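Here it is as C-alpha cells:
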C-alpha cells in the first residue's frame, strides 16, 4: 500500500516557531511613525500585548510555542501533506506534486495558526477583548474561533459590502460567539464621521482597520489583532513549513520548488521561511529549494510594485513599513481571491524578494479557477480561490516538466478550502469572470502618492 | 501531552465491511414488488450492478473492501475520534464524550463512504453513468465526487426548490464534473408529464427519485445510486464504527452509549452496527453498549411510526420495504436537517429497533441548534444540523451524568460539518426557527394510506 497522505503524530507538532530574521543577510529596517522615527515598543503597547511586540521585534531564530497553543493546534494539526498522484496522472507529468493542506482547521484555512497564538498571548496579558477587521471573513472567522478557545470577547468590523453579500462567514463568526459589525459602524468616531457624510458608505478594509484600531487604542482591556503582513504573524505560520520538512523526510523526498499564494504574505511566509535557512547553506541536497510567491495579476505587488516605505492601510492610519507596494490608495478590482487583494506585502517577504532569495509570479484570475477545478476533479478537495493561484503555478511547472522530462518535486501550500467561495466558482462556470491587467500608468500614478520619508 | 484526537494509521483502515444481517436474531424479510412477491435480483439488475445486488441480499458477516475503494478512502480516512474535553468542562460533567468526525471527507460528510464503493462497483461492471437524486445536496455532492474518482458521468436530479435556493451545493457538484438538473425536469417522461400539468412544480425527493430511476432503467450504460436506507448502503458505512472500535481500544476506553442522527438510517447503521454483534455476546466489558438513533420530532419515524411494508418513495414507484414508516405520503415540515426528513427508515435499523436491540429518541429542532452552537464554541467544529440531533442527545446524557455523578463514556457520530448550513444557523440566531410536533391524528391519517400487503 502506497500512502499518498503523509501524516505526523501530534507529538511531532513543532515545539518552536522559526524566525527568519535570524537568517536574513541584512537586518530588517524598522517601521516608522508619523514623525519619521522608528516606532517604539511603547507606541505599539496601546494596541498589542508585550509578548506580541517582543515577537514582532525579535531576531531570535527559535521562539518556543506555548503548550496551551499547541493544545489547540492539536485539534487539527499536524496538517496532512498529500501526494497529488491523481493530478500528476491527469497532467501526464513526471513531476511529483505534493500539497500541504491547511483547510483542515475549524475555520478552514491557515489563519488560525496565528489567531490562536495571538488569542493566547492576549489572554495571558489579562486582555478581555480583541478587535479586528475582516473583508470576506476568513480572518474574522479564525479570530472568532481562537478568541472562543481562550475565553476572549471578539469584535469584528466587517466591510459592509461583504457583511451584506457574504452572510455565511458572518454567521460562522457569530456561531463562535463573536460580535460582528458592518463597517463603517456607529461604534467608533471613524465610523460615525463617515456615516454622517455618507450614510450609504459600503466600507473598505482600510476603514475597518481604522475602526478596530480606534476601539483597541481607546480601551485598556482591548487589543487589536492583524491576520497577515506583520512579522509575528509570519512567525506563527512557520509551523506549516516545519511540518512539511518532517513529512518530506519521512517519505525520503524533498521539494525542488514551493508555490504559495501571496497577498499580505503570511501563507507564503509560513511554508517558505523554514526553507530559507536551509537555502542559505546551499540547500538540503546540495541545491536550494526555489521559493515562489504567487500573486494575482490584478494586484501584482511584488512583480510590479515599488520597494518603498508605505502605509499599511488605505487611509494612512498605520505606521510606515518598508515593503513592496502598489501605493496605499491603489484600488484592486473586486477579484474573488479577496485574501490577495492587498496593496502591500509583508516587510519580511518583501526584503527576501528584494534580496533575490525568493521569486514571484503573477497569474490571471481565469487561469486560477481553471486550475482549481482541475485540482478538485483530480484530488477531491475544492480549494479556496487564493490557493488556486499556487495550484495554477504548480500545474504550469508540472507541464513544463512534461516537456522537459524532468522529475522534479513540487510543493503547494493549499491554504484553505473553498466551501464559502462557491459563488465565485459559479460565476466562473457561467463565464462571468474576467482577467484584469493594470495599465502601467495606473500603477505609476498610485506610486506617486507614496509618502515621503527621510 | 494528552492526545484528544485519536488517529489511526492508514494501514488500519478496515479491510472488510461488517454485515449485521449475519448477527440478526431472525433473518430479514425481503422487499416486495407490485405483485406482492419478493423482488428478485433480476428485477434489480435494471438499475444496479450485480455486485451491489449481491451485497444488498447477502448474509455473509464480512465483505472485503476492494483495494481501489480503500485507496480513495485514504484521501481522508481513517477519520479522527476526538475526545470533546472542552465540551465536558463546559458542561461540568463527569462523563467522557467522544465524537467520530466524518466531516473530514471532501464532500464534508459520511456519505462518500458508500458513494465511493457504489461508483467502484459500477465502473467494474462497465457502467458509464450514474443517476441519482438529491434534496439539499449532501448526497448529490458525495456521488459527484465519487463518480469523478472512477471516471463515471454523474447526473443529479435536484429537487427544484433546493436547486434554486441552495446554489452552493449545486456549484460543488458541478465543480466535480456532475450534471445537475432541477427536478421535475424535461429529461424524463415523469418530469415532462408533471411540467405539462404544472409548469411551476417545485419538486420533491419522491419525484427526483422517480426521474433518476426512470433514466437508469431506460439505459443499459446507466445505473441508479441511493445514499441511504438500503442494506448495501448501511454495509458500506460500517467502516465508521469499526474504526471507532480500534480507536477506543487504543486509548483503553469503550462507549457505554452511542448517539447517531437517524433519517434514512445510514449514519446510525455505520457507527452502531459493528457494536450489535458485540452486544449479542454480552458486550465488550460485560455490558452492552446502548445504541441510540436520534431523529427529529418533526419526522419521528421510529418513535411514532408503524412497523409495516411501505413504499420507499412518495409516489409508490419503488418496491415495498418492511420498515418503520410514517406513511409514504407523510409530508414533514421544512426543517433544516434535510437529511433526516424521510418518512421511512432503513429496514435493518427498523428490524433492530423492532426487536429491542437498539433505542430511539426524538428531539426538537430548537434544542438541536442550541446544542450545535454550544458544541461549536467548545470544540471549534461547526456541525451539520443532522449531527446536532446526536449532539443534543449526548449533551442531555452528559447532564444526567452530572446529576448522578456517573462517569460513563459517550460516543457521538458527528456525521458532517455545517459549512453549507449557515443560513439555518442564521435563522436560529434570528429566532426564526420553531419546533414542530405532529398531532397524533395527522400521523394516524397518513398511516391509513399504507399499502395492503399479503
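Residue numbers (our numbering), protein chains in the order written: chain A, 1 to 454; chain B, 1001 to 1454.
Ideal Cβ placement from N, Cα and C applies to all residues, glycine included.
Treat the numbers as computed from the prediction; the structure is a model and nothing was measured.
#1: Would you mind sorting residue 1220/B into buried or exposed? The rule is 16 or more other CB atoms within 10 Å of its CB.
#2: Using a Cβ-Cβ cutoff of less than 6 Å, which residues in the same chain neighbour residue 364/A once the five nearest sequence positions on both sides are dropped?
#3: Just list the residues that DSSP pairs residue 179/A with in beta bridges.
#4: Can you give me, in chain order, the residues of the region 1162–1185 of chain B that have a beta carbon less than 7 Å from any beta carbon in chain A?
#5: Near residue 1245/B, what residues of its chain come up, given a Cβ to Cβ distance below 7 Å and the 5 sequence neighbours on each side ignored?
#6: Among the residues of its own chain, which have a CB less than 8 Å from the CB of residue 1405/B, if the five just before and after it don't count?
#7: According to DSSP, is residue 270/A part of a helix, a strand, or is it coil?
#8: Over the uninterrupted beta strand (DSSP E) stretch that includes residue 1259/B, give me the two end residues.
#9: Within 8 Å of any Cβ in chain B, is that where the Cβ of residue 426/A sits?
#10: If you follow the alpha helix (DSSP H) that residue 1144/B is part of, which residue opens it and which one closes it?
#11: Using the DSSP secondary-structure output, state which residues sit across from residue 311/A in a beta bridge.
#12: Would a check of beta-carbon distances place residue 159/A closer than 8 Å to chain B?
#13: Let me check one thing: in DSSP terms, what residues is residue 1412/B bridge-paired to?
#14: Using the Cβ count rule (16 or more neighbours within 10 Å means buried), how would you classify residue 266/A?
#15: Closest Cβ-Cβ distance between residue 1419/B and chain A: below 8 Å?
#16: How should residue 62/A be labelled, buried or exposed, when 16 other C-beta atoms within 10 angstroms of its C-beta is the threshold for buried?
#17: Go through its chain and collect everything with a Cβ distance to residue 1022/B's Cβ below 7 Å, but skip five positions before and after it.
#18: Pull up the distance between the alpha-carbon of residue 362/A and that of residue 303/A, whole angstroms please.
#19: Using the beta-carbon of each residue, which ones in chain A are nearer than 7 Å to residue 1148/B?
#20: Using only the alpha-carbon positions, how far apart do residue 70/A and residue 279/A sit?
#21: Chain B beta carbons: is any one of them nearer than 8 Å to that of residue 382/A?
#22: Which bits of chain A does residue 1004/B rub up against, with CB to CB less than 7 Å?
#23: Mind reading off the beta-carbon distance from residue 1210/B to residue 1190/B? Whole number of angstroms is fine, and I expect it under 8 Å.
#24: Taking the C-alpha atoms as reference points, what is the distance between residue 313/A and residue 1367/B?
#25: Measure from the C-beta of residue 104/A to each C-beta in chain B and report whether the shortest distance is under 8 Å.
#26: Using the three-state DSSP reduction, which class does residue 89/A fall into: helix, strand or coil?
#27: Shorter than 8 Å from the beta carbon of residue 1422/B to some beta carbon of chain A?
#28: If we cut at 8 Å on Cβ distances, does residue 1373/B have a partner in chain A?
#29: Anything in chain B within Cβ reach of residue 242/A, meaning under 8 Å, just list it in chain order.
#30: Taking C-alpha atoms, which residue in 1033/B, 1035/B, 1116/B and 1153/B lies nearest to residue 1074/B?
#31: Are three or more beta carbon pairs between the region 1100–1118 of chain B and the region 1408–1420 of chain B nearer than 8 Å?
#32: For the putative contact between residue 260/A and residue 248/A, defined by C-beta atoms under 8 Å, what is the C-beta separation to the nearest angstrom?
#33: List the residues of chain A whose Cβ lies closer than 9 Å to the Cβ of residue 1429/B, in chain order.
#34: Around the Cβ of residue 429/A, are there at least 16 other Cβ atoms within 10 angstroms (buried) or fewer (exposed)?
#35: Restricting to Cα atoms, I'd like to know which of 340/A, 310/A and 441/A is closest to residue 327/A.
#36: Nearest to residue 1264/B by CA position, among 1348/B, 1187/B, 1288/B and 1258/B, is which residue?
Let me spell this out:
#1: Within 10 angstroms of the beta-carbon of residue 1220/B lie fewer than 16 other beta-carbons, which makes it exposed.
#2: Taken in chain order, the residues that qualify are 297 and 435.
#3: Answer by DSSP bridge pairing, in chain order: 155/A.
#4: Here the close residues are 1167, 1168, 1171, 1172, 1174, 1175, 1176 and 1177.
#5: Correct list, in chain order: 1274.
#6: Closer than 8 Å at the Cβ level, and outside the excluded window around residue 1405/B, lie 1094.
#7: Helix at residue 270/A.
#8: Secondary structure note for residue 1259/B: its beta strand (DSSP E) is the uninterrupted segment 1257–1261.
#9: Yes, its Cβ sits closer than 8 Å to a Cβ of chain B.
#10: Annotation: the continuous alpha helix (DSSP H) that includes residue 1144/B extends over 1138–1149.
#11: As DSSP reads the structure, residue 311/A sits in a beta bridge with 320/A.
#12: Not closer than 8 Å to any Cβ of chain B, the Cβ of residue 159/A fails to qualify, so no.
#13: According to DSSP, which records beta bridges pairwise, residue 1412/B is partnered with 1099/B and 1259/B.
#14: With 16 or more Cβ atoms within 10 Å of its Cβ, residue 266/A is classed as buried.
#15: Chain A contact via Cβ: present.
#16: Residue 62/A should be labelled exposed.
#17: Spatial neighbours of residue 1022/B in its own chain (CB-CB distance under 7 Å, excluding positions within 5 residues in sequence) are listed in chain order as 1059, 1060 and 1061.
#18: Each residue's Cα considered, the two are about 7 Å apart.
#19: In chain order: 377.
#20: Distance between the alpha carbons of residue 70/A and residue 279/A is about 28 Å.
#21: Yes, its Cβ sits closer than 8 Å to a Cβ of chain B.
#22: Chain A residues near residue 1004/B: 74.
#23: Confirmed, Cβ separation roughly 5 Å.
#24: Whole-angstrom Cα-Cα distance: 44 Å.
#25: It does: the Cβ of residue 104/A has a partner Cβ on chain B nearer than 8 Å.
#26: Three-state DSSP puts residue 89/A in a helix.
#27: So yes, residue 1422/B belongs to the interface.
#28: Answer yes: the Cβ-Cβ gap between residue 1373/B and chain A drops below 8 Å somewhere.
#29: Neighbourhood of residue 242/A in chain B, by CB distance below 8 Å: empty, with the nearest CB roughly 17 Å away.
#30: Distance check between residue 1074/B and each of 1033/B, 1035/B, 1116/B and 1153/B places 1116/B closest, using alpha-carbon atoms only.
#31: Between the region 1100–1118 of chain B and the region 1408–1420 of chain B, the count of C-beta pairs closer than 8 Å reaches three or more; the two stretches touch.
#32: The distance from the Cβ of residue 260/A to that of residue 248/A is about 16 Å, inconsistent with a contact at the 8 Å cut-off.
#33: Around residue 1429/B, the beta-carbon contacts reaching into chain A at under 9 Å are 171, 174 and 175.
#34: Using a 10 angstroms sphere on the CB of residue 429/A, the tally of other CB atoms stays under 16, which defines it as exposed.
#35: When only C-alpha atoms are compared, the closest one is 310/A.
#36: The shortest C-alpha to C-alpha distance from residue 1264/B to any of 1348/B, 1187/B, 1288/B and 1258/B is the one to 1348/B.
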